[in-house]
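In the numbering used here, the protein residues as written are 480 to 756.
Written out below as structure tokens is the structure these notes cover.
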């Protein structure tokens with residue numbers, strides 16, 4: 480039975496898709512080719528280990544990989560995930576992507592608009608959907624993991640200090656943590672803009688496609704969804720301008736809201752987060 484040796488557990492809108500695509504390019508790393516977020520430890524746990532195992536290489540193929548894993552950035556926010564992860568002894572390492580809490584909250588709002596989960600301005604939606612802001616309070620959830628995992632088992636990728644500033648530095652950090660050869664990453668891997676969410680012009684058609692896509696994924700037909708996207712199906716839906724930008728007074732309010740959280744994280748992780756202040 481082949482099960483993951485590492486997990487990416489958080490947080491949404493912090494470069495986790497970029498990381499998944501980067502890891503796919505390395506010959507010593509296995510992550511599911513057609514599906515990034517498996518949601519096993521939060522939504523699909525009742526399906527059992529046999530269901531989960533099918534996302535990973537067979538025992539005969541597993542020996543060629545030094546690291547086997549998957550990335551589901553919502554794991555951090557489900558308390559039940561901790562106990563479930565601990566029951567899988569193959570998992571030795573956790574990767575956590577973090578981003579400026581204000582920028583992450585707005586980015587998550589844009590995705591919610593895209594997916595039809597909310598309507599209106601950022602200010603309207605953040606009052607209607609507390610999770611938009613709550614998910615940027617990282618320290619409370621991280622402390623729960625620190626009760627069960629050593630600091631050496633956890634890699635924290637600060638978006639502004641790594642992915643957004645130095646791709647080569649990020650490759651080295653990830654390679655050292657996963658004990659893989661940094662030279663295994665192609666020179667072009669990770670180069671280019673991190674994906675930016677856009678609001679489809681044909682929104683109803685996009686939401687219908689999204690619903691069908693999740694139905695296919697639920698039946699382990701992720702490859703069909705992946706091929707459709709590669710063939711350009713999303714271009715059919717067109718694009719419209721992003722929602723209104725965050726108001727300056729809102730940004731000031733949120734910076735004040737998260738100020739103590741940032742200092743708490745600096746102390747907890749023993750890192751400098753001036754780039755968030």
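The beta-carbon is built from N, C-alpha and C at its ideal position, and this holds for glycine as well.
Check	Outcome
Buried versus exposed, by CB contacts within 10 Å (16 or more), residue 480	exposed
Separation of residue 520 from residue 564, as counted between CA atoms	7 Å
Entirely enclosed alpha helix (DSSP H) segments - the region 484–521, minimum 4 residues	495–503
Contiguous beta strand (DSSP E) assignments of at least 3 residues, all confined to the region 516–572	546–550
Pairwise C-alpha distance: residue 664 and residue 505	5 Å
Inter-residue Cα distance where the pair is residue 716 and residue 593	Confidence at residue 716 is low in this model, with a pLDDT of 49, below 50, so its placement is unreliable and no value can be given for it.
Residues near residue 725 by beta carbon distance below 6 Å, same chain, minus five either side	585 and 601
CB of residue 484 within 7 Å of CB of residue 546, strictly	yes
Sufficient close CB pairs (3 or more, under 8 Å) joining the region 640–656 to the region 615–629	no
Close Cβ partners of residue 561 (< 7 Å) along its chain, the five nearest in sequence each way excluded	623, 624 and 627
Neighbourhood of residue 661 by C-beta, 8 Å cutoff - its chain only, sequence neighbours within 5 removed	650, 651, 654 and 655
Helix, strand or coil at residue 752 [DSSP, three-state]	coil
Contact under 7 Å by Cβ, residue 671 with residue 646	no
Cβ shell of residue 598 (< 8 Å), same chain only, five flanking positions each side left out	592 and 604
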